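In order, the protein sequence lines correspond to chains G and L. 2 is the number of the first residue of the first sequence in our numbering; add one for each residue after it. 681 is the number of the first residue of the second sequence in our numbering; add one for each residue after it. Where a beta carbon is used, it is the ideal one built from N, C-alpha and C, also for glycine. Computed from a predicted structure; not experimentally measured. Each remark here refers to the structure printed beneath this line.
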Amino acid sequence: MSKPSDLTYDAVVIGAGHNGLAAATTLARQGKSVCVIESRDGIGGMARNAAIAPGVVAPKMAHLLYNLNPKTLKELGITAPKSVSLPTVSLADDGRHVVIQGDLVIYADGSAHPEAATFAALHKRLTKFAALLGQMSLKTPPSLAGGLMDMATLQELAGLAKLGIGLKRMGKKDMREFLRILLSNAYDLILDDFADAPLAGMLAADAVRGAYAGPRSPGTVFSMMYRLGNGGDVRLPMGGMGAVADAFANAAKLAGCDIRTGCGVAQVIVENDTARGVILADGSVINARSVLSSIGAFQTMQMAGVQHYDTEAVRRLRNLRNKGTVAKVNLVLSGAPDFVGLDAKLTAGRLLIATSATYVERAFNPVKYGDMSNAPVIEAVIPSLSDPSLCSDGQHILSANVQYVPYALAGGWTPAARQKLLKLTLDRLEVYAPGLGRLVTHSEVLTPLDIETQTGAPGGHWHHAEMGIDQILTLRPVNGMARYGFGIAGYYLCGASAHPGGDVMGTAGRNAARQLLKDGVLA
Amino acid sequence: MSAKIKAAAVPMGLIETPFYPRLAALSRAKSWIGWAGYISPLVLDTVEFEYFAIRNQATLFDISPMHKYRITGPDALAVVNRLITRDIRKVRDGRVGYAMWCDEDGMLIDDGTVFRFSQTDFRLCCQEPMYGWLMDVAWGFDVVVEDESDSIAALSLQGPTSYSVLKDAGLDVAEMKPFDWREVEPDLWISRTGFTGDLGYEIWVPRDHALAIWDRLWAAGADWGLRAIGGQALNMVRIEAGYIAAGVDFQPVHAVMRLHRGRTPMELGFDRMVAFDKGHFNGRRALLAQQDAGQRFALVKIDIGGFKPADGALIYHRKRTEVGHVTSGIWSPTAKRNIALAELKAPFGISVTTDLWADVYVHEEGVWRHKMVAVVIETKPFFANTRARATPPRAF
């Protein structure tokens, strides 16, 4: 199927993660010829399955879906795999685990939670605010470059105006509250209303999921809302995250994209300040009228060459905050574990170890100094309980995001350090599931450094760049580059470091491709 | 405050240049200013004596306070070309090029001179401190940037007899053309450059050779009317030559706080200094966009009627609409004209060049008068003399 190399594609997309595939599909569905280049053997980036032991398929890195946008899926012609909505269980040291599903909160034993009404009210408020912000996510961030006398700028501002109108429509009380909390920290917001216990811990942990931030860091209320972008539903895809990536890839193929794996892009060809194609690692050349990159923003710059970028842009990209703080620990279990106080349905849920907001903040402290948390925040899920097809012979896979783990560990990521991380994780899990350790037949530890090595995500950061208030919207990835166009004409950033950011949703890729078309690059 | 700050540990006040002992001995006016942290003469004797010495004899001006940076390494040429707007590949080894450099918005950071030793070795000489910026420009390139501001002493020897002074000092520069650059003796570099529009040279030595070269030139200059001068006379001749000054005719964009105070090379009349065809350089895309959209301002040379210096005067169109202002203005004793550089808002100075007026204010012993005076835009420098370019130079 692949075209002879003397042909010129309309677009080459670097990286076959969900964003690269979403960008490719968007273009292909507009009749453009597109080639996706992936350096690794498989597609999917962070959303991949891996056979980590005989008869066991694990979600290699990402394991849950949060913000998958139905509008994006429909637009791209993606048939998403079936998925189940998981309850969240915030584990408690006293065994009074808290179950959260949507805006409902109860104890795991079925008894009522005293803060249920408070939680429902907060959830409602934040979801409303999140929806308001969410409408920005499908648009290119506005530019004011033309000044207020410029028609194009005024059209840009229409999006912001809509946000403003939406803000006004909420009424004075909500508007004030939105503006009061938007830039503040999750810790204060949570503890205004909640006792510092597992429910508060769950809110705090979700506010800083994947971030180099503790709940007391400014801007974490924003990331809390970001989590709730599509209502905050946590879903487990059947067939694993790999099935989600496959769905993206199938849509791309259906739209007519070529996908080439196993040989990455070594360099972007730039002629006369215009992207003209790519040179692959094996020296072969693919000509194209445009190039989209779903790798990190800094790496995207380097792919073309620093000499093509203004000094200020280089300085900003060099200083992009993208230190990953989450390790992935995959445990192969010989049988289903027994979490004290949880029935089978809840054991299959999203299990959180974040016993209080203070616990989460304390877990963040060591990473600032290059150490891992001794009492980490863990988000564990056993996908094989919901999807038995993943494992054979009664085996199970426990997939855990362990936070906070530094990208650059003091002393380096030695085998002993990895062993320590594994033991810390197991010890924490053992508290709630005694005997779990004895079930472990195989384990895999992926530090942020490993995640970077295996996916190219800078710093091993989920979102390629921290979702801080200084790195979102018109400042994402950096000031002056928020509109996907990446300096060189016909060169576009379409990965998680572009607006609206990370999570397996493909919106950044879709937005970038649409902006490329709007800019008339392929006209 | 109990903390005791030792004077030796933290130098207070202005720093003496390497030539200060000679300048201090010659200073009758005792008129000093701070220049980049150094003590520098505004006037040594009288500004009239000094001005006429530049135009009729030879003069020494201490330019040691200029910032000097050495850029060396395999990528030095690439870094310099990334920094400046013109194409340094077209400046040969042993030559000097006037250069401008811009921020990402195409706004001028500073202008200066680039001295090319070889394609792996350059010196940048400029008004504003630039080390941090150069380090950022050089990031990712194989070069070393060294701040030579304090280690290199420099003198500007300018005027019609300047060649003769050098000759009598035993320094042979007869074959040097304008913008040539030679190591005339070990550790003694001379460039045929200057800020006067006239015949002149700049002399560059290690700091500890400073007084020796001063004394050598001073002795040789006795028969050629050599005088030491301050910055005020120099400012007059640079306006006559049509040269722009940082912080006066344009605001270095890194030093301004307000929005839209920056200016592009085109807006300063230096379209020819921008080589769009050399590949990417800082601000290229913004400058291309301005080329399409049109410049917002035009810096022009103007002749103002009458003889009252019009520095700072507002410029009007049809005596009604304010369209700009004078950035530098003097009565030119050589041209015998009232001259200035002025910044006009587009389209004035570009497509609309007539019916322009300067509102000149004159203070006469406690009484202010003002008058609308006709303005004529000039394209050539107010001072030009063939002796400036003759090679070998004439005796005077």
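- Here Ala926 of chain L carries a strand assignment [DSSP, helix/strand/coil].
- For Gln931 of chain L, same chain residues with a beta-carbon under 6 Å away, outside a window of 5 residues either side, are Arg941 in chain order.
- Of all residues in the region 950-961 of chain L, the ones placed with a Cβ closer than 8 Å to any Cβ belonging to chain G are Gly959, His960, in chain order.
- Neighbours of Ala935 of chain L in chain G, taken as residues whose beta carbon is under 9 Å from its own, are absent, since the nearest beta carbon is some 16 Å off.
- Per DSSP, the continuous beta strand (DSSP E) segment holding Pro886 of chain L begins and ends at 880-886.
- In the DSSP assignment, Phe859 of chain L falls outside any alpha helix (DSSP H), carrying neither H nor E.
- In the structure shown, Leu835 of chain L falls within a strand segment according to DSSP collapsed to helix, strand and coil.
- Only those residues of the region 304-324 of chain G whose C-beta falls short of 8 Å from the nearest C-beta of chain L are listed: Val307, Gln308, His309, Tyr310, Asp311, Thr312, Glu313, Ala314, Val315, Arg316, Arg319.
- Contacts with chain G at 9 Å (Cβ-Cβ) do not include Phe977 of chain L.
- Classified as exposed, Tyr811 of chain L has fewer than 16 neighbouring CB atoms from the shown chains inside 10 Å of its CB.
- In the three-state scheme derived from DSSP, where H, G and I count as helix and E and B as strand, Thr1059 of chain L is classed as coil.
- About 20 Å separates the CB atoms of Gly1009 of chain L and Asp1035 of chain L; that is not less than 8 Å, and the two are not in contact.
- By a beta-carbon distance limit of 8 Å, Gly438 of chain G contacts Leu427 of chain G. Their separation comes to about 5 Å.
- The region 282-292 of chain G makes no contact with the region 47-57 of chain G; the number of CB pairs closer than 8 Å stays below 3.
- Setting aside the 5 residues that flank it on each side, Asn761 of chain L is surrounded in the same chain by Asp767, Ile768, Arg769, Lys958, Gly959, Phe961, each with a C-beta closer than 8 Å to its C-beta; the list follows chain order.
- Using beta-carbon distances, Asp274 of chain G counts as an interface residue toward chain L, with a partner under 9 Å.
- As the crow flies, the alpha-carbon of Gly202 of chain G is around 10 Å from that of Leu192 of chain G.
- Within its own chain, the residues whose Cβ lies closer than 7 Å to the Cβ of Ala328 of chain G, once the five positions on either side in sequence are excluded, are Val403, Val406, Leu422, Val446, Leu447, Thr448, Pro449, listed in chain order.
- Between Asp827 of chain L and Gly753 of chain L, the C-beta gap is not smaller than 9 Å, which leaves the two residues out of contact.
- Within the same chain, Cβ atoms closer than 8 Å to the Cβ of Asn480 of chain G are found at Arg317, the five residues on either side in sequence being excluded.
- Under DSSP, His1050 of chain L shares a beta bridge with L:Tyr1041.
- Chain-ordered, the chain G residues with CB closer than 8 Å to the CB of Glu784 of chain L read Asp311, Thr312, Glu313, Ala314, Gly481.
- Within the region 910-922 of chain L, no residue places its CB atom closer than 9 Å to a CB of chain G.
- Only Ala758, Arg762 from the region 758-774 of chain L bring a Cβ to less than 7 Å from some Cβ of chain G.
- Within chain G, the residues whose beta carbon sits less than 8 Å from that of Val817 of chain L are Thr312, listed in sequence order.
- Secondary structure note for Phe299 of chain G: it is in no beta strand (DSSP E), and the uninterrupted alpha helix (DSSP H) holding it is 298-305.
- Annotation: Ala337 of chain G is outside any alpha helix (DSSP H) and is labelled neither H nor E by DSSP.
- Between Thr765 of chain L and Gly963 of chain L, the C-beta spacing is below 9 Å.
- Pairing Pro945 of chain L with Lys61 of chain G, the inter-Cα distance amounts to about 54 Å.
- Phe802 of chain L is outside the set of residues whose beta carbon lies under 9 Å from a beta carbon in chain G.
- If you look at Glu920 of chain L, you'll find it in the alpha helix (DSSP H) that goes 911-921.
- At the C-beta level, Gly46 of chain G and Ser295 of chain G come within 9 Å of one another.
- Contact with chain L is absent for Gly521 of chain G, since none of that chain's Cβ atoms lies less than 9 Å from the residue's Cβ.
- Taking the Cβ atoms as the reference, Ile919 of chain L lies roughly 20 Å from Leu724 of chain L, outside the contact range of under 8 Å.
- Annotation: Arg477 of chain G is outside any beta strand (DSSP E) and is labelled neither H nor E by DSSP.
- Between Arg351 of chain G and Ala381 of chain G, the gap from beta carbon to beta carbon is short of 9 Å.
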